[in-house]
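For reference, each letter of the sequence shown is one residue, going 284 to 457 in the numbering used here. One structure is given here, and the rest of the page talks about it.
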Amino acid sequence: MQNLKKFFIILTTISILGTQAIAELPHFIDFQKILNESNAGKKAQDELKKRLDQTIKKMNETQKNLQDEEKKIIQQKKLVSPEEYKKKVDELRKKVSSLQKNRSEALQKISKQRAKAKGELLKTLNPLIKDYMQEKQIRMVVNKKDLILADEKLSITNDIMKLLNDKVKSVKLD
284 MQNLKKFFII LTTISILGTQ AIAELPHFID FQKILNESNA GKKAQDELKK RLDQTIKKMN
344 ETQKNLQDEE KKIIQQKKLV SPEEYKKKVD ELRKKVSSLQ KNRSEALQKI SKQRAKAKGE
404 LLKTLNPLIK DYMQEKQIRM VVNKKDLILA DEKLSITNDI MKLLNDKVKS VKLD
């Protein structure tokens, strides 16, 4: 009976020390996976992709119209005066320049929205990770992309994603 008590005490001590040793190890999180696969991250990406597709579609339509206009101007070259032709070509160049500027601005806007959404998601994520660390007595969490090799048992990505999905349904884009 005495040996059984000693064995139980030793087993409990080893179990507690083993748990503390695991808590002392740095854990990691795959932020890219969370950004891509969390509910809020997916919604934001889908919305941004939809906006990008709509913008590209509009730009392509405008570009096609400008190409048609260019063909008309070329066809009229011999029918109009050189001054009139030059005027039409200059107007077309202004439209093309405006299209390029608008395309660049639209892509920058979507890029900024993407960065803002990522920032918002990470801003929401930090307190969740901090609470999780305190609850599980984890002292350090690093980003998976900064690791060379690690045991998958040290990943807290799925736990954090579950917490994030429960707390955040969507991210503001504008």
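All C-beta atoms, glycine included, are put in the ideal place defined by N, C-alpha and C.
Next item on the list: Using the Cα positions of K341 and K360, report the straight-line distance between them to the nearest angstrom.
Entry: In the sequence shown, counting from the first residue as 1, residue 341 sits at position 58. In the sequence shown, counting from the first residue as 1, residue 360 sits at position 77. So the alpha carbons of these two residues sit roughly 29 angstroms apart.
Margin query: Any contact between the stretch 391-408 and the stretch 346-357? By contact I mean 3 or more CB pairs, one from each, below 8 angstroms.
Written below: no
Check: Would you call the stretch 384-395 and the stretch 434-446 touching, i.e. three or more CB-CB distances under 8 angstroms?
Finding: no
Margin query: Please give the ranges of any alpha helix (DSSP H) in the stretch 300-336, keeping only runs that are unbroken, at least 4 residues long and fully inside the region.
Written below: 314-320
Check: Rounded to a whole number of angstroms, what is the C-alpha to C-alpha distance between G402 and S387?
Finding: For the purposes of this step, residue 402 is identified with residue 119 of the sequence shown, where counting begins at 1. For the purposes of this step, residue 387 is identified with residue 104 of the sequence shown, where counting begins at 1. Rounded to the nearest angstrom, the two C-alpha atoms are 22 angstroms apart.
Check: To the nearest angstrom, how far is it from the Cα of K325 to the Cα of A398?
Finding: Along the sequence shown, one-based indexing puts residue 325 at 42. Along the sequence shown, one-based indexing puts residue 398 at 115. Using only the alpha carbons, I get a separation of about 14 angstroms.
Next item on the list: Leaving aside the five residues before and after T338 along the sequence, list all residues of the same chain whose C-beta is less than 6 angstroms from its C-beta, in chain order.
Entry: Locating residue 338 in the sequence shown gives position 55, where the first residue counts as 1. Counting only Cβ-Cβ distances below 6 angstroms, and skipping sequence neighbours, we find A389.
Next item on the list: Measure the C-alpha to C-alpha separation of L446 and K332 and round it to an integer number of angstroms.
Entry: What you label residue 446 is simply residue 163 of the sequence shown in a count that begins at 1. What you label residue 332 is simply residue 49 of the sequence shown in a count that begins at 1. Answer to the nearest angstrom: the Cα atoms are 25 angstroms apart.
Check: When you compare each of A400, D313 and I443 to D414 by their alpha carbons, which one comes out closest?
Finding: Walking along the sequence shown from the start, residue 414 turns up at place 131. The option with the nearest alpha carbon to D414 is I443.
Next item on the list: Tell me whether L430 is buried or exposed, calling it buried when 16 or more other Cβ atoms sit within 10 Å of its Cβ.
Entry: Taking the sequence shown and counting its residues from 1, the one referred to as residue 430 is at position 147. Classification for L430: exposed.
Next item on the list: Please work out which residues of its chain come closer than 7 angstroms, Cβ to Cβ, to A304, disregarding the five sequence neighbours upstream and downstream, and give them in chain order.
Entry: In the sequence shown, counting from the first residue as 1, residue 304 sits at position 21. Only weak support exists for where A304 lies, its pLDDT of 42 falling under 50; the value from the coordinates is given anyway. For A304, where only same-chain residues beyond five positions count, there are no Cβ hits under 7 angstroms.
Check: Taking just the CA atoms, how far does D336 sit from K347?
Finding: Taking the first residue of the sequence shown as position 1, residue 347 is located at position 64. Taking the first residue of the sequence shown as position 1, residue 336 is located at position 53. So the two alpha carbons sit approximately 16 angstroms from each other.
Notebook entry, point to check: To which residues does DSSP link N426 through a beta bridge?
Noted result: Here residue 426 refers to the residue found at position 143 of the sequence shown. According to DSSP, which records beta bridges pairwise, N426 is partnered with I312.
Notebook entry, point to check: What are the start and end residues of the alpha helix (DSSP H) that includes I393?
Noted result: On the sequence shown, position 110 is the one that residue 393 refers to. Where I393 is concerned, the enclosing alpha helix (DSSP H) stretches over P365 to K419.
Next item on the list: Could you tell me the distance, in whole angstroms, from the CA atom of N448 to the CA atom of L375?
Entry: By one-based count along the sequence shown, residue 448 stands at place 165. By one-based count along the sequence shown, residue 375 stands at place 92. If I take the Cα positions, the gap works out to 50 angstroms.
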